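Data first, discussion second: the structure below is written as structure tokens.
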Amino acid sequence: MHQITARVVENKEITRDIFRLTLFAPAVARESKPGQFVHLQCGVNQSYILRRPFSVHQTVGVDAFDVLIRVVGDGTKWLAARRPKDSVNLIGPLGRGFTIGAELKRALIVAGGMGVAPLVFLALKLAEEKVKVYTVMGAASKDQLLDFMDLKRLTRKIAVSTDDGSQGHKGLVTDILGKEIEEADPDVVFACGPLAMLRAVAGISRRYSTSCQMSLEARMACGVGACLGCTVGAKDNYLKVCSDGPVFDTQELGW
Amino acid sequence: MGSLEVDIAGLKMKNPVTTASGTYGSGKEYSDLIDINRLGAICVKTVTLKPMSGNPPPRLWETPSGMLNSIGLQNDGVEAFIDNDLPFLSKQDIPVIVSIAGTSIDDFSRLAKMLSAQSDIDALELNISCPNAKVGGMIFGSDEKLAAEVVSKTKMASTKPLIVKLTPNTGDISAIARACERAGADGLSLINTVYGMSVEVDTLKPRLGSIVGGLSGPAIKPIAVRMVWEVAKVVNIPIIGMGGILTAEDALEFIIAGASGVAVGTANFIDPQAPIKIIDGMNKFLEKHGVSSIQDLVGALKIDS
Chain A
38 MHQITARVVE NKEITRDIFR LTLFAPAVAR ESKPGQFVHL QCGVNQSYIL RRPFSVHQTV
98 GVDAFDVLIR VVGDGTKWLA ARRPKDSVNL IGPLGRGFTI GAELKRALIV AGGMGVAPLV
158 FLALKLAEEK VKVYTVMGAA SKDQLLDFMD LKRLTRKIAV STDDGSQGHK GLVTDILGKE
218 IEEADPDVVF ACGPLAMLRA VAGISRRYST SCQMSLEARM ACGVGACLGC TVGAKDNYLK
278 VCSDGPVFDT QELGW
Chain B
124 MGSLEVDIAG LKMKNPVTTA SGTYGSGKEY SDLIDINRLG AICVKTVTLK PMSGNPPPRL
184 WETPSGMLNS IGLQNDGVEA FIDNDLPFLS KQDIPVIVSI AGTSIDDFSR LAKMLSAQSD
244 IDALELNISC PNAKVGGMIF GSDEKLAAEV VSKTKMASTK PLIVKLTPNT GDISAIARAC
304 ERAGADGLSL INTVYGMSVE VDTLKPRLGS IVGGLSGPAI KPIAVRMVWE VAKVVNIPII
364 GMGGILTAED ALEFIIAGAS GVAVGTANFI DPQAPIKIID GMNKFLEKHG VSSIQDLVGA
424 LKIDS
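Protein chains in written order, with our numbering: chain A, 38 to 292; chain B, 124 to 428.
Below is the structure:
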């Protein structure tokens with residue numbers, strides 16, 4: 038874990054209001070594992086004071102990494118306005134990422150909207166480990182299918198759903214998940230996306246007796262496990278999304 | 124160079140800066156990011172006799188210049204604290220303050236007795252001001268008689284200095300402060316968070332799972348400085364001031380208003396280096412103004428007559 042003032046390498050609006058921010062931070066790029074996150078300070082100001090957590094999206098070479106940022110408020114607006122040579126203070130890499138078991142042979146990735154953020158990095162790692170990867174991906178519309186080409190390249194089959202039907206199945210990713218699980222017969226499902234989607238993915242995976250790991254999102258203050266502000270309800274206690282997660286096995290959560 | 128050394132309730136601190144309980148875990152969480160031993164003292168998260176699961180999420184909501192929280196004293200209980208957290212703290216070279224809370228006066232006494240047996244703990248902070256605990260908590264801190272009773276009974280059970288943390292959510296904080304002093308408190312820390320609430324209008328729902336919570340951060344700093352000033356006028360025991368301290372200048376405001384020490388809370392979330400920057404900034408201030416000791420600034424507020 039490091040606290041670094043990182044130089045901006047690039048900040049690109051990849052689709053409307055979604056930016057890919059590349060930061061120069063060799064230690065973070067080197068140490069990050071898929072599913073881990075960085076905690077970004079959104080400028081020094083006294084109006085919106087807390088850092089914002091972002092999944093490490095991909096490492097870029099050996100010295101840099103990027104994050105996907107959707108502009109939703111003042112903090113993300115500030116980040117979106119960074120230009121090369123500006124700097125961003127970050128803490129990371131943080132949290133527990135995805136667990137890739139040694140005996141893992143087949144995996145199914147489920148990405149919903151911005152939830153794709155940690156999953157390309159994961160797919161790359163899985164490909165390195167010679168795991169057969171299948172992907173199901175959903176978004177509001179075709180232009181919101183982020184990283185589609187990367188995931189397509191890294192996976193054996195990619196199935197798509199969009200809310201408006203502009204690409205693939207018209208409807209939810211969970212409408213087509215069962216069929217894809219049957220076809221891919223994965224040892225594990227890796228998912229990230231909106232909470233309602235994750236809940237549904239957990240249920241479907243359970244129905245197919247497939248283990249399932251998911252990366253959760255939460256509002257955070259410290260990001261390092263100190264404040265207990267970002268907890269998620271598990272079976273009989275609360276777990277810290279920042280340091281027990283953000284990736285959880287659905288069994289730990291009792292989902 | 125001026126001296127930052129202070130003595131608060133018998134704690135010899137090399138500088139006046141400690142951490143605000145609940146924002147710093149047991150210190151271990153931050154130890155990769157800062158040198159804990161630079162702090163004047165460390166105040167760890169509140170422990171209770173039995174484990175507490177805390178409040179339902181969401182527990183956080185950011186507000187202009189601050190944040191609401193409703194953690195609810197989640198902790199693994201005093202035995203787990205002694206087994207799992209104290210060994211790390213023992214290895215540090217700074218005074219350790221352990222915050223305690225209970226749902227009854229008996230809880231406080233038992234905690235004080237158990238923790239007094241630990242030589243690596245230097246002081247106890249009585250949390251009678253948590254707005255998020257359903258029972259006990261703030262109830263003790265908003266009633267003079269109850270506050271006095273819990274302080275005197277805990278004092279009897281304890282061999283460590285007792286610092287009492289006060290709530291701003293009361294009619295007359297000075298009266299509570301005096302009652303705690305009379306009952307044997309060795310020091311006071313103030314303020315805990317300000318009771319608050321936020322609503323998501325589109326869904327008509329409260330932002331916090333437990334509906335209400337505690338506001339911290341720069342938004343509450345003027346309230347905290349005013350309360351330190353008021354309390355300092357009526358007690359003779361030292362005060363640790365806190366509430367929205369981000370910078371050395373913020374910390375000095377508290378000291379000039381009457382605090383002997385300061386605690387950094389929410390600022391740790393924004394920048395884990397904040398306590399170090401505050402210590403360095405205080406040193407610079409002493410140098411710039413030719414002040415030989417930070418103690419000369421305690422309560423040094425100048426009021427034109």
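Where a beta carbon is used, it is the ideal one built from N, C-alpha and C, also for glycine.
Values in this document were obtained by computation on a predicted structure and should not be read as measured data.
Which of the three DSSP states, helix, strand or coil, is assigned to residue i?
i	result
His412/B	helix
Phe56/A	strand
Thr268/A	strand
Ala221/A	helix
Glu304/B	helix
Ala164/B	coil
Asp373/B	helix
Ile296/B	helix
Asn274/A	coil
Ser126/B	strand
Thr277/B	helix
Gln396/B	coil
Phe135/A	coil
Met186/A	helix
Gln181/A	helix
Val170/B	strand
Met38/A	coil
Arg67/A	helix
Ile343/B	helix
Can you find a C-beta in chain A that's less than 9 angstroms from the C-beta of residue i?
i	result
Tyr429/B	Examination of residue 429/B is not possible in this model, given that chain B is present from 124 through 428 alone.
Asn160/B	no
Met190/B	yes
Arg182/B	yes
Pro345/B	no
Leu209/B	no
Leu234/B	no
Glu185/B	yes
Ile194/B	yes
Glu152/B	yes
Leu369/B	yes
Thr146/B	yes
Quick one: is residue i buried, meaning 16 or more other Cβ sit within 10 Å of its Cβ, or exposed?
i	result
Asn359/B	exposed
Ala240/B	exposed
Val201/B	buried
Asp230/B	buried
Pro71/A	buried
Ile217/B	buried
Ile299/B	buried
Arg57/A	buried
Arg182/B	buried
Gly145/B	buried
Thr282/B	exposed
Val129/B	buried
Arg190/A	exposed
Can you confirm whether residue i, when its beta carbon is compared against all beta carbons of chain B, has any partner nearer than 9 angstroms?
i	result
Thr136/A	no
Met151/A	no
Cys267/A	yes
Arg256/A	yes
Asp273/A	yes
Ile128/A	yes
Ser69/A	no
Gln78/A	yes
Ser280/A	yes
How would you list, in chain order, the residues of chain A whose beta-carbon sits under 9 angstroms from the beta-carbon of residue i?
i	result
Ser321/B	Those within 9 angstroms of Ser321/B in chain A number zero; the least Cβ separation is about 12 angstroms.
Gln396/B	Gln40
Asp156/B	For clarity, residue 156/B is Leu in the given sequence; the question names Asp instead. Those within 9 angstroms of Leu156/B in chain A are Met38, His39, Gln40, Ile128, Val261.
Of all the CB atoms in chain E, is at least one closer than 9 angstroms to the CB of residue i?
i	result
Val261/A	No chain E appears in this structure, whose protein chains are A and B.
Output, in chain order, the set of chain B residues within a Cβ distance shorter than 8 angstroms of residue i.
i	result
Arg88/A	Phe392, Ile393
Gly132/A	Here the premise fails: no neighbours, minimum Cβ distance about 12 angstroms.
Gly291/A	Simply none; closest approach about 14 angstroms.
So which residues of chain B does residue i contact, with C-beta pairs closer than 9 angstroms?
i	result
Ile41/A	Here the premise fails: no neighbours, minimum Cβ distance about 10 angstroms.
Gly270/A	Pro179, Pro180
Just the chain A side, please: which residues come within less than 7 angstroms of residue i by C-beta, in chain order?
i	result
Pro329/B	The contacting residues do not exist; Pro329/B stays about 14 angstroms from chain A at best.
Ser176/B	Asn274, Tyr275
Gln197/B	Leu265, Tyr275
Just the chain A side, please: which residues come within less than 8 angstroms of residue i by C-beta, in chain order?
i	result
Pro341/B	Gln83, Ile86
Threshold first: 3 residues or longer. Then list the beta strand (DSSP E) segments lying entirely within the stretch 79–128 of chain A, N to C. Here the runs fully enclosed are 89–92, 95–97, 101–107.
Going residue by residue through the stretch 183–266 of chain B, where are the continuous beta strand (DSSP E) segments of at least 3 residues, counting only ones entirely within it? Runs of the beta strand (DSSP E) inside the stretch 183–266 of chain B: 183–186, 189–192, 219–223, 246–250.
Segments of 4+ residues assigned as alpha helix (DSSP H) that fall wholly inside the stretch 196–260 of chain A: The DSSP assignment places complete alpha helix (DSSP H) segments of no fewer than 4 residues inside the stretch 196–260 of chain A at 210–221, 232–244, in order along the chain.
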